[in-house]
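In UniProt numbering, the protein residues as written are 1 to 396.
Next up, the structure:
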């Protein structure tokens, strides 16, 4: 199993400000000097992860105190130069919100060149609230996503003469990448999914599929991916095609691990602080999905505990562990929790590990990453999957 270190790179001093953390929190609550120090701290932790044998994952959000990474490729350009071994994953670039897909392809090619061919790229739809900052209409969002995807892939894979492009939203007289990517035909492509249906297109395109903090629903995501992959390619995919993201807190004793987990738990409480009008703008989701969610009620999108009940609105660390959203404890505890979850969901080949989250300090993050790399990571090759049947399905 590959392990990828990930942090949202939060500006946690703003967590004390009342109200929403995304979209409408004024930036006068941000001290740019302190923000710069935090960003450099997070870069140091990523460089440590490279030395410890992790791969690296970067995401991006906008107008959010919960995530100061506003460009995957900017951060990865730095890390491409400053790291030596780690695969570098952008997960991901919200391409339907971008006005210039060729620029996205250029950045991908340049970072792949700087890194010596270590880049992997997630092309994602992004969070619903992101459409407001990008000034995009939510309706026909999916159509725009695939149009943008097709242009980026055409630019990355072109090995012949320069070409022109004319589609509904994009018009280019000349498309020519200098440099072009080292990896041929292009860096590995990732996408994210929250249900079997949303995983199907990724499987057909032979892309990697990741699901974030979805708990038991990950089983149906992975099963749906495997089914669609088998139908499209005539064989089952390797586990390397599948990824799961969770928060990890490990320490020599459980008390310290749980104390760290309490600091990391603030990721959940702050990420949820979003005003309701930004959560699901009209047209962003298909109407059928909205109907199902309305019929299912307020607990429809909540992760589930192992007994099938919804995760409470203010869960304990034990409940987050039970739901598969956090792996917390001693190295033995954490390995057993990952092994149980691995079995429950039918196996996966990539652990996207939030080794830093919320208000966790630099010192605790360093200890967390170091201990996991020494005491847990080597044991992950022991895992085997004999999971149960699908228990839950999501709506998207």
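Don't be surprised by glycine CBs; every beta carbon is placed ideally from N, CA and C.
Using DSSP bridges, identify the partner residues of residue i.
i, result
"residue 190", "122, 208"
"residue 481", "Absent from the model: residue 481. The displayed extent of the chain is 1 to 396, so no value can be given."
"residue 277", "Paired residues: none, contrary to the question."
"residue 64", "22"
"residue 100", "None; residue 100 has no bridge partner."
"residue 310", "304"
"residue 166", "171"
If I follow the unbroken alpha helix (DSSP H) through residue i, where does it start and stop?
i, result
"residue 40", "32-52"
"residue 129", "No alpha helix (DSSP H) contains residue 129, which DSSP labels as neither H nor E."
"residue 264", "254-264"
"residue 222", "217-233"
"residue 77", "72-82"
"residue 320", "317-323"
"residue 289", "287-296"
State yes or no: is the C-beta of residue i within less than 8 Å of the C-beta of residue j?
i, j, result
"residue 102", "residue 153", "no"
"residue 328", "residue 271", "no"
"residue 201", "residue 120", "no"
"residue 242", "residue 213", "no"
"residue 105", "residue 136", "no"
"residue 68", "residue 273", "no"
"residue 211", "residue 230", "no"
"residue 5", "residue 353", "yes"
"residue 174", "residue 155", "no"
"residue 239", "residue 349", "yes"
"residue 79", "residue 56", "yes"
"residue 275", "residue 3", "no"
"residue 416", "residue 172", "With the chain covering 1 to 396 only, the question about residue 416 has no answer from this structure."
Would you kindly report the start and end of the unbroken beta strand (DSSP E) that includes residue i?
i, result
"residue 93", "88-94"
"residue 250", "242-250"
"residue 350", "350-354"
"residue 171", "171-175"
"residue 327", "326-329"
"residue 4", "2-6"
"residue 377", "Per DSSP, residue 377 belongs to no beta strand (DSSP E) and is neither H nor E."
"residue 55", "55-58"
Measure how close the beta-carbons of residue i and residue j come, nearest whole angstrom, since I'm counting them as under 8 Å.
i, j, result
"residue 10", "residue 358", "7 Å"
"residue 58", "residue 90", "6 Å"
"residue 185", "residue 108", "Wrong, their Cβ atoms sit about 12 Å apart, outside the cutoff."
"residue 14", "residue 65", "4 Å"
"residue 339", "residue 383", "6 Å"
"residue 17", "residue 218", "33 Å between Cβ atoms; not a contact."
"residue 170", "residue 250", "With a Cβ gap of about 46 Å, residue 170 and residue 250 do not count as contacting."
"residue 237", "residue 226", "6 Å"
"residue 397", "residue 192", "In this structure the chain extends from 1 to 396, so residue 397 is not present and cannot be described."
"residue 317", "residue 261", "5 Å"
Does residue i come within less than 8 Å of chain B when only Cβ atoms are used?
i, result
"residue 10", "Of the protein chains in this structure there is only one, and it is not chain B."
Q | the region 37-54 contacting the region 283-302, beta-carbon criterion three pairs below 8 Å | A | Contact between the region 37-54 and the region 283-302 is absent, because fewer than three Cβ pairs lie under 8 Å.
Q | Three CB pairs or more closer than 8 Å across the region 133-148 and the region 65-72 | A | Verdict: no, contact absent.
Q. Per the contact definition of three or more C-beta pairs closer than 8 Å, is the region 262-269 in contact with the region 281-288?
A. Segments in contact, no.
**Q.** Cβ contact check for the region 360-368 and the region 52-68: 3 or more pairs under 8 Å
**A.** Output reads no: the region 52-68 does not touch the region 360-368.
**Q.** Touch test, the region 275-284 against the region 372-379, Cβ-Cβ under 8 Å, three pairs minimum
**A.** By the Cβ rule, the region 275-284 does not count as touching the region 372-379, because fewer than three pairs are nearer than 8 Å.
Q: Would you check if the region 116-135 and the region 161-176 touch, i.e. whether three or more CB-CB distances between them fall below 8 Å?
A: Contact annotation: the region 161-176 does not touch the region 116-135, with fewer than three C-beta pairs closer than 8 Å.
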